[in-house]
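Under our numbering, the first residue of the sequence shown carries the number 24, and numbering increases by one thereafter.
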Amino acid sequence: MSVSLKRDYDMNVKTRQLLALCAFMLPAMTMAQKFSVTSPDGRISMTVDNGKRLTYTVAYDGQTMIEPSEMGFELKGEKPMGQDFRLLEQPEVEFKTDRWTPVVALKHKQVNAEWNEATLRLKEEGRDFRRMDVQVRVYNDGVAFRYQLFDRHVIGSRSIVREATDFALPQGSSVWMGRHKGRYKGSQEVEFYKMPLDSVTDNTVALLPFLVEVSGNAYMAIMDACVDDYPGFFIGARKPHVLTTKLAPLPGEEESGIKARFEGAKWTPWRVLMIADKPGRLIESEIVRNLNPECALDDTSWIKPGMSAWDHWWSGEVKMEMPVIKQYIDFAAAQGWPYMLIDWQWYGKYNKTAADVTTTAEQIDMPELVRYAKERGVRLWVWLYCTDITNNSSYDEAFALYEKWGLAGVKIDFMDRMDQEMVRWYRLICQKAAEHHLMVDFHGAYRPDGIERTYPNLLTREGVLGEEYYKFSNRMTPEHNVTLAFTRMLAGPMDYTPGGFLNSRVEDLTPEELQRLKAGKVITPAKVFNTRSAELAKFVVYESPYMVVSDHPDNVLGQPGADFLKQVPTTWDDTRFLDGYPDEYVAVARQKDNVWYIGVINNSKRRNIKLDLSFLPAGDYTLEYWRDTKKSDTKPTSVEHKTVRLNTSKALSVGLAAAGGYVAIIRK
């Protein structure tokens, strides 16, 4: 080759190399570093800013809901992950829909979800070149995002010590916070109090849902969804007005230790911001269940929600004896309820190394009880201590036996954790129970995360400061009962166990009873400090497909309101928030088979409200109601029950006693 030809050849090679390099670099240089996804209705947007640090913001109707907030992770033995990323490609926004029919209709018979979605594919600059994706979904009722971490081709697992997801709230925001006194362990049974934003500190360990009032027409609840092989999280503050994610550590780890281990690619749970113009609109949202996979069970015909009687110590000094259990079976049959729950000690002493959940205590004849219940149209559930079902027999052995007996479900108690290992255990129990056609109720449990869409045999769970606390505490206030609908219930079904018919006032307690409650000691029989109408309203306002009634048969049968408990469903075709505010009152309407049910729970202040019934087609209806009377302030058991004609052109006037309530059934 001549010198000139070689020079031309070398120049052509260099030119091609330069052009190829420019073609590779051009997208990185021109690619937008800020990327927004907007809800289908255009009201909500989330913007991710891939600047020096990866951050995001959220806006609603032009208002800032989340100020620039950091994203990323800290992993053991690795430098912090959340800065110096580059986009591998320009994200594309896709409009998506999900029309699905719940096996168990918690709020709606049919769910029609739609959202806009994009995935940001990121890679670090510098020596590590670690990969991370951020998937964003924006619905008309909120925002959700999650991360995907990738394999680094290292031996063994990688360990997350901190998820660096922040939630920077606008100054002046107010929050309803449930402090978890047990740090990362415990039953998650707390009150949610309204507090200024600066009440949240680095030492705070607060429960989700975490309700925020940004302004009088902008509310947000921080939640998670689809928690799978990953710990649940709590809320703290990294600095003033900047909330942060506090993952539950693995057993044996300190607060600063390992939270999750993983190998290969790993999706985290969704971080969810439920958003609305009124706090009660969040009650209607299906966003948490929408973010979970579809039903994993081929056959769901055996999953049947319903009401249940319960031979619990709450309703008296119940003994584990055949006649007592049969009395509660008769109670369920008389009320037309499909279930009766047999509580603790049916297999003897629980939480013992020798406990055997495949045998019964010597005085209990389970086949006889199943036979007796079946003759009366009732099926049985049984209570289990979590370590007894884990330590002393296989799930398959116990659950296969329960299926052979003909039991309907299991209530498993005292887990009191939400670390990665416990999250795995919950899913395993749901799967194993489904294999043997058993429904599940978790007590001593962490909050729901929408898993009931995937495993609909999980009907309900506790994780709520519920009715049982009336028996040994003075913490059950009317304000707490109202606020639960705007806070804990946003996560999903809650086994509050309403139905206490010994309605009383705190001031009517004897000095001994009051002293015992203040000291955290049991009083028998348990008394409930709200009106009978408020107690009935809990069955409409609170969501639980498996609704367990707390009181003794003698306190309910033949009493005012027992007739309502024969009629009220536990699943719903539609749900409408009517009015209310946390700490004050809540009014909800729910539909079942073209019949509407209204429930109202009030705080400690007597009030009169008007409910807009414009959601009903125009026309005349019959209104059957159970409401407070003029005597209810001093005699909480006083109820007026009447059926009248109703025209929807006028608002419905409702008078509420202090700690009062209202329920009604509206038929065309």
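The C-beta atom is built at its ideal place from N, Cα and C for all residues, glycine as well.
| Check | Outcome |
| --- | --- |
| Limits of the unbroken beta strand (DSSP E) element including V579 | Per DSSP, V579 belongs to no beta strand (DSSP E); it is in the alpha helix (DSSP H), P576 to V579. |
| Ordered list of alpha helix (DSSP H) runs contained in the segment 465–550, each at least 4 residues | 501–507 and 534–541 |
| First and last residue of the uninterrupted beta strand (DSSP E) at L636 | It is not in any beta strand (DSSP E) - L636 carries neither H nor E in the DSSP assignment. |
| Own chain, CB closer than 6 Å to I621, minus 5 neighbours either side, in chain order | A612 and A687 |
| Residues near M52 by beta carbon distance below 8 Å, same chain, minus five either side | Legend: pLDDT at M52 = 41, less than 50; position of this residue unreliable, no value from coordinates given. |
| DSSP three-state assignment for E236, whether helix, strand or coil | strand |
| Whole-angstrom distance between K550 and S676, CA atom to CA atom | 29 Å |
| One or two residues paired with D651 in a DSSP bridge | V662 |
| According to DSSP, residues forming a beta bridge with Y253 | Y253 pairs with nothing; no bridge assigned. |
| T410 (DSSP reduced to helix, strand or coil) | helix |
| E186 to S672 span [Cα, whole Å] | 52 Å |
| CA-to-CA distance, T268 to I348, given in whole angstroms | 45 Å |
| Counterpart residues of T227 in DSSP-defined beta bridges | T227 is not bridged to any residue. |
| Three-pair Cβ contact test at 8 Å for the segment 133–153 versus the segment 55–63 | yes |
| Cβ shell of D366 (< 6 Å), same chain only, five flanking positions each side left out | D334, H335 and W406 |
| Outcome for M345 when other beta-carbon atoms lying within 10 angstroms are tallied against a minimum of 16 | exposed |
| Cutoff 6 Å; reference P50; Cβ partners in own chain excluding five residues on either side | Since pLDDT at P50 reaches only 40, below the 50 mark, its modelled position is unreliable, and the value read off the structure follows with that caveat. So no residue of the chain qualifies. |
| H459 versus M438, D322, S567 and W123, residue with shortest Cα-Cα distance | D322 |
| 6 Å CB neighbourhood of L305 in its chain, flanking five on each side removed | A244, M297, A299 and L513 |
| Spatial distance of F562 from V591 (CA atoms) | 7 Å |
| Residue from A355, K541, A377 and S627 whose Cα sits closest to the Cα of Y408 | A377 |
| Enclosing alpha helix (DSSP H) for L451 [first to last residue] | Q443 to E458 |
| Segment limits, beta strand (DSSP E) that includes N73 | I67 to N73 |
| Burial state of R402 (16 or more Cβ within 10 Å) | buried |
| Alpha-carbon to alpha-carbon, F108 and F638 | 49 Å |
| C-alpha distance - S10 paired with T652, whole-angstrom precision | The requested residue 10 is not part of the displayed model; the chain covers only 24 to 691. |
| Under 8 Å between C-beta atoms of T477 and P568 | no |
| Backbone CA spacing between H664 and R555 [nearest angstrom] | 11 Å |
| Contact the segment 75–90 vs the segment 170–183: 3+ CB pairs below 8 Å | no |
| DSSP beta-bridge partners of E147 | F108 |
| Cβ neighbours of P479 in the same chain (closer than 8 Å, five flanking residues each side left out) | P125, V126, V127, C318, L320, T323 and I326 |
| C-beta contact flag for V15 and L314 at 8 Å | No answer is possible for residue 15: the residues shown for the chain start at 24 and end at 691. |
| Neighbourhood of P501 by C-beta distance below 6 Å, restricted to the same chain and skipping five residues each side | N553, N626, S627 and A682 |
| Endpoints, the alpha helix (DSSP H) within which K561 is located | R555 to V564 |
| Range covered by the alpha helix (DSSP H) that runs through Y311 | The sequence as given places Val at residue 311; Tyr does not occur at that position. Where V311 is concerned, the enclosing alpha helix (DSSP H) stretches over I310 to N313. |
| Per-residue DSSP class, three states only, for P219 | strand |
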